[in-house]
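Below is one structure, written out as structure tokens, with a few remarks after it.
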Amino acid sequence: MNFPLLVFVLCSSLAITDAAFGHGSNGPLNDADEVTAVKPTCETDRLGHKYIPCATPDLNDSRHWPCIKYSDLCNSRKDCPNGDDEDVLQCFYHNYRMEEFMKLRKLLDQVRGK
């Protein structure tokens, strides 16, 4: 597969995904009243490891969203309270995406002559 086509396919899939989930729309996706939600945020540790929020809040406190290291996502160990980080469909998507990312990185290295 040539490089421009690969870039086009990746960009198109991102645009379709954003459109499918309503990103960029100016209002709610249905006639329901808008609900104010707090987006969970996670810090990066002093070593630069990126942390991401679990898909669901803490079982004992719905206002607290636990964070896990990105590298702990889909590692066959349940790090989130509900085990959301090991969800079969999410991990299928995550692993496929990482595979494609590694292929793209390898292709870029070949183009650069590394």
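Read in order, the letters of the sequence shown are residues -19 to -1, 1 to 95 in mature numbering (1 follows the signal peptide of the UniProt record, and there is no 0).
Just so you know, even glycine gets a beta-carbon here, dropped at the ideal spot from N, CA and C.
When the Cα atoms are used, what is the spatial distance from residue i to residue j?
i, j, result
"residue 2", "residue 71", "Caution is warranted here: a pLDDT of 49 is assigned to residue 2, below 50, making its placement in the model unreliable, and no coordinate value can be reported."
"residue 26", "residue 63", "23 angstroms"
"residue 82", "residue 45", "32 angstroms"
"residue 93", "residue 79", "21 angstroms"
"residue 74", "residue 68", "10 angstroms"
"residue 23", "residue 47", "8 angstroms"
"residue 76", "residue 86", "15 angstroms"
"residue 37", "residue 20", "12 angstroms"
"residue 102", "residue 84", "The chain is shown from -19 up to 95; residue 102 falls before or after that span and cannot be answered."
"residue 88", "residue 58", "31 angstroms"
"residue 95", "residue 41", "50 angstroms"
If you count every other CB in all the chains shown that lies within 10 Å of the CB of residue i, and 16 or more means buried, which is it?
i, result
"residue 90", "exposed"
"residue 66", "buried"
"residue 43", "exposed"
Assuming residue i contacts residue j under a Cβ cut-off of 8 angstroms, what Cβ separation, rounded to an integer in Å, is found between them?
i, j, result
"residue 60", "residue 49", "4 angstroms"
Checklist entry - Is there contact between the segment 54 to 72 and the segment 23 to 31, where contact requires at least three CB pairs shorter than 8 angstroms? => result Taking a cut-off of 8 angstroms on C-beta distances, the segment 54 to 72 does not touch the segment 23 to 31, as fewer than three cross pairs fall below it.
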